[in-house]
Amino acid sequence: MNIFVLAWNIPATTNMSGSPRLFSLCKILSQKHRLTLFAFSDSQERYQTFLDDPERQGVFAEVVLLANPGSSNWWHRKVNHFHLAPYFLTRHLFPEYHARKCQRIRMLFEQGKFDVLFADGLGMAQYVMESNLDCPAIIDLHDSLSLLFSRIAQIERNWLTKLFLYAQTRSIRRWEKSLSTRFSAVIVNSRVDQAVLKSRDPSGNIVAVGNGVDSEFFTPRDVKSNITKLVFTGVMDYDPNEDAAIYFCDAILPAIQERYPQMEFWVVGKDPTERVRMLAQRPGVHVTGGVPDVRPFLETAGIFVCPLRFGSGVKNKILAALAMGKAVVATRVSLEGLDLREDEHVLAAHEPGMFAAQVIRLIEDPGMATRLARSGQAFVRAEYSWERSATLMEGLLLDAVNHQHKSDGRMTSPRYRSQQ
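Numbering (my numbering), first residue to last: 580 to 999.
Shown next, in the form of structure tokens:
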């Protein structure tokens, strides 16, 4: 297949911060198919990092950057509010830009004689749905954005922000519900998100394609770890990660340090907010900012903690930590969508006191920490591979090409049917 990949940003390779989902899937698909990446990019630094990474060689036949919009004016923002549109839609915020982008995407697809379009991210749906481009298409949402917004709203204390979040949740929910009218498959990375979207659109083809982990990359070296060193990783200007780091320092770490004053908590990830950077002023807390390689921090840590209070989708950070042979303590929200078994692969906690107790339990029983780490590592390496996920994705792409378009009922051409 000749695949048109439309992405909201330059995809993260295994060596880059952010989810490696799109790149990892495309890397495997490129072994049998031709892929061209069309991506928006608001960071020249990120694009250059991608270009400099030898891992990206051979994955995409070509990379085409699509310009981002500038700043919206007051009137267009009011129009967007009037239409109760999600924040990511450009139709009202940047009408001229939106029209040009839809036209260009249609032209690029037709000129490249592509077989199928693979859209990555909810924000990309608008350009496929409104470009008058009649082609087979699937979309990977990663997570249900409406589920994420509703969970953020539940713990938000500022009533104006809470009101905005609830309004956005309703708008995004309507947009998610409309996707199956254009895309032959709407993909998410966990069964939790799949059930949410399926409840809103029972007739839609909502498919769960799980995340994987590059077990070859995330292989621990023979490095001595320190049981009193805790680590948490992620992009630190992402709301769930920012909240988790602050929550851990406020509500969990003091109870651990009361018994073990030497405990250290390392927050590892790019773009820490001011609130996260301020955590480094507390005893035993280290905030690294962006690092070239997260593996050395995982290797030397005794325990990986994931204290997320809200979020959606599968957490790659947990898969990577387990692949690196780390004992993991996580909230149950963090473990959603993963088939990990509590007390066999990970320890789980639903409130601060229990979370602190689970960490202390591992500190005081290194044998248990070792057993958990080995069991979790073996399970993840056996069950969570990008190869398995890419095979599922390939099948959905072929189905989009070979089967009837749900958008207009038109049967596919004989050329496509002959590939069945």
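For each residue, glycine too, the CB sits at the ideal point set by N, CA and C.
Owing to the predicted nature of the structure, the values given are computational and were not obtained by experimental measurement.
Please classify residue i: does DSSP put it in a helix, a strand, or coil?
i: aspartate 987; result: For aspartate 987, the predicted model reports a pLDDT of 48, less than 50, meaning its position is unreliable; a value from the coordinates is still stated below. Three-state result, aspartate 987: coil.
i: cysteine 828; result: helix
i: cysteine 885; result: strand
i: phenylalanine 697; result: strand
i: threonine 748; result: helix
i: serine 596; result: coil
i: valine 775; result: helix
i: isoleucine 589; result: coil
i: histidine 929; result: coil
i: aspartate 719; result: strand
i: phenylalanine 583; result: strand
i: phenylalanine 743; result: helix
i: glutamate 709; result: coil
i: histidine 677; result: helix
i: leucine 900; result: Note that residue 900 is alanine in the sequence shown here, rather than leucine. Looking at alanine 900 - three-state DSSP - the assignment turns out to be helix.
i: phenylalanine 688; result: helix
i: glycine 702; result: helix
i: threonine 867; result: strand
i: alanine 664; result: coil
i: glutamate 755; result: helix
i: glutamate 921; result: strand
Do you know how far the Cα of residue j is from the Cα of residue i?
i: isoleucine 897; j: alanine 787; result: 18 Å
i: isoleucine 825; j: serine 804; result: 24 Å
i: alanine 902; j: arginine 960; result: 7 Å
i: aspartate 793; j: glutamate 962; result: 12 Å
i: valine 866; j: isoleucine 831; result: 17 Å
i: valine 638; j: phenylalanine 797; result: 20 Å
i: phenylalanine 934; j: isoleucine 806; result: 16 Å
i: valine 846; j: tryptophan 653; result: 38 Å
i: aspartate 1004; j: proline 590; result: In this structure the chain extends from 580 to 999, so residue 1004 is not present and cannot be described.
i: arginine 749; j: leucine 917; result: 27 Å
i: valine 873; j: aspartate 801; result: 16 Å
i: valine 907; j: lysine 849; result: 22 Å
i: glutamine 999; j: leucine 696; result: Low per-residue confidence applies at glutamine 999: pLDDT is 24, beneath 50, and the placement is therefore not dependable, though the value from the model is reported in the following sentence. Their backbone Cα atoms lie some 18 Å apart in a straight line.
i: histidine 662; j: aspartate 944; result: 57 Å
i: alanine 823; j: valine 643; result: 36 Å
i: glycine 974; j: arginine 730; result: 32 Å
i: phenylalanine 583; j: lysine 756; result: 24 Å
i: leucine 941; j: glutamate 843; result: 15 Å
i: leucine 976; j: phenylalanine 617; result: 17 Å
i: leucine 926; j: valine 884; result: 10 Å
i: histidine 677; j: glycine 702; result: 12 Å
i: aspartate 722; j: alanine 969; result: 17 Å
i: glycine 869; j: threonine 879; result: 17 Å
i: valine 980; j: threonine 628; result: 33 Å
i: serine 992; j: glycine 597; result: Below a pLDDT of 50, predicted positions are generally treated as unreliable, and serine 992, at 36, falls in that range; the measurement from the model is reported next regardless. When rounded, the distance between both Cα atoms is 39 Å.
i: phenylalanine 876; j: valine 864; result: 14 Å
i: histidine 612; j: leucine 971; result: 14 Å
i: glycine 932; j: glutamate 795; result: 36 Å
As a quick exercise: from the options, pick the residue whose alpha carbon is nearest that of residue i.
i: asparagine 784; options: Val584, Met580, His982, Ile582; result: His982
i: alanine 640; options: Cys605, Thr669, His662; result: Cys605
i: isoleucine 684; options: Ala586, Gly791, Thr807; result: Ala586
i: glutamate 915; options: Ser769, Gln956, Pro799, Leu858; result: Ser769
i: leucine 809; options: Arg779, Ala957, Pro886; result: Pro886
i: serine 778; options: Arg753, Ala618, Arg761; result: Arg753
i: alanine 746; options: Leu758, Ala732, Lys756; result: Ala732
i: threonine 852; options: Gly955, Val814, Pro799; result: Val814
i: alanine 704; options: Leu668, Glu675, Val908, Pro674; result: Leu668
i: arginine 706; options: Arg670, Glu973, Arg736, Arg874; result: The residue asked about is misnamed: residue 706 is tyrosine in this sequence, not arginine. When each option's Cα is compared against that of tyrosine 706, the closest is Arg670.
i: aspartate 900; options: Leu941, Pro799, Phe889; result: What sits at residue 900 in the sequence shown is alanine, not aspartate. Among Leu941, Pro799, Phe889, the Cα nearest to that of alanine 900 is on Pro799.
i: isoleucine 751; options: Arg950, Val775, Ile607; result: Val775
i: glutamate 735; options: Val771, Met947, Phe889; result: Phe889
i: methionine 580; options: Arg911, Ala716, Phe762, Phe602; result: Ala716
i: glutamine 636; options: Glu837, Ser603, Arg656, Gln623; result: Ser603
i: alanine 834; options: Leu601, Asp772, Pro862; result: Pro862
i: phenylalanine 811; options: Phe762, Thr910, Lys657; result: Thr910
Between which two residues does the alpha helix (DSSP H) carrying residue i extend?
i: aspartate 978; result: 965-981
i: histidine 655; result: 653-661
i: alanine 961; result: 945-962
i: leucine 727; result: 724-734
i: asparagine 805; result: Careful: asparagine 805 lies outside any alpha helix (DSSP H), inside the beta strand (DSSP E) at 805-812.
i: valine 802; result: Taken as a continuous stretch (DSSP letters only), valine 802 belongs to no alpha helix (DSSP H), as it is neither H nor E.
Rounded to the nearest angstrom, how far is the Cβ of residue i from that of residue j, given a contact under 8 Å?
i: asparagine 895; j: asparagine 790; result: 6 Å
i: glycine 691; j: threonine 615; result: 6 Å
i: serine 954; j: glutamate 921; result: Incorrect: roughly 12 Å between the Cβ atoms, too far for contact.
The beta strand (DSSP E) with residue i in it runs from where to where?
i: valine 788; result: Careful: valine 788 lies outside any beta strand (DSSP E) and carries neither H nor E.
i: leucine 616; result: 613-619
i: threonine 910; result: 906-910
i: glutamate 641; result: 641-645
i: valine 847; result: 843-847
i: valine 767; result: 764-767
Within 7 Å: the Cβ of residue i and any heavy atom of the ligand GTP?
i: leucine 608; result: This structure simply doesn't include the ligand GTP, nor any ligand for that matter.
Using a Cβ-Cβ cut-off of 8 Å, state whether residue i counts as contacting chain D.
i: methionine 703; result: Among the chains of the structure shown, chain D does not appear; only one protein chain is present.
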